[in-house]
Amino acid sequence: MTRVGDNRSKEVLSGLHCGKTALQVAVERMFLRALEGGCTMPIGALAQIDNTDIHLKGCILDPNGVLRIDVEESFSLENWQLELRKTISKVIKNETFIKIKNALIQR
């Protein structure tokens, strides 16, 4: 990302941009953001792309490492956002996720 109208910087940086990597990062960030990952919610995500699919591995832990949810899903490149939203919705409704979130709120 560059300043608006800064075409010279865009040109120089275009050689560094990798569309595949950018998409993998977008998937990981969407997963983390939707589940409120960060300093208080321990979540990990790894997205990898093959020819036709995006594969996501995720892990959500409580701070003590006792409760754990593992997520492993594959999404088509055409519909990854919709499919990822469905996966996130399942996680949010998961009983273990609710326990983890409640434990974090009580801290």
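Residues in the sequence shown are numbered consecutively from 141, following my numbering.
Beta carbons are placed, not taken as given, at the ideal position from N, Cα and C, and that holds for glycine.
By DSSP's criteria, VAL152 is part of a beta bridge. Which residues make up the other side? The residue you call residue 152 lines up with position 12 of the sequence shown. DSSP, once it has assigned bridges, lists no residue as partnering VAL152.
Exposed unless 16 or more other CB atoms sit within 10 angstroms - verdict on GLN164: In the sequence shown, counting from the first residue as 1, residue 164 sits at position 24. That one is buried.
Assuming LEU186 contacts GLU168 (C-beta within less than 8 Å), just tell me the rounded distance between them. Taking the sequence shown and counting its residues from 1, the one referred to as residue 186 is at position 46. Taking the sequence shown and counting its residues from 1, the one referred to as residue 168 is at position 28. The pair is a contact, with the Cβ atoms about 7 Å apart (cut-off 8 Å).
Would DSSP call GLU212 helix, strand or coil? Position 72 of the sequence shown, counted from the first residue, corresponds to residue 212. Residue state, collapsed to three classes: strand.
Opposite LYS197 in the DSSP bridges: which residues? By one-based count along the sequence shown, residue 197 stands at place 57. LYS197 is bridged to LEU186 and GLU212.
Only counting the same chain, and skipping five residues up and downstream in sequence, which positions put a Cβ closer than 6 Å to that of LEU172? Within the sequence shown, the letter at position 32 stands for residue 172. ILE183 and ALA185.
Could you check what DSSP says for LEU217 in three-state terms: helix, strand or coil? As a working mapping, residue 217 is identified with position 77 in the sequence shown. If DSSP states are grouped into helix, strand and coil, LEU217 belongs with coil.
C-beta contact flag for ASP194 and LEU222 at 8 Å: Here residue 194 refers to the residue found at position 54 of the sequence shown. Here residue 222 refers to the residue found at position 82 of the sequence shown. Reading off the sequence, residue 194 comes out as Ile, not Asp. Their beta carbons are not under 8 Å apart, which means ILE194 does not touch LEU222 by this criterion.
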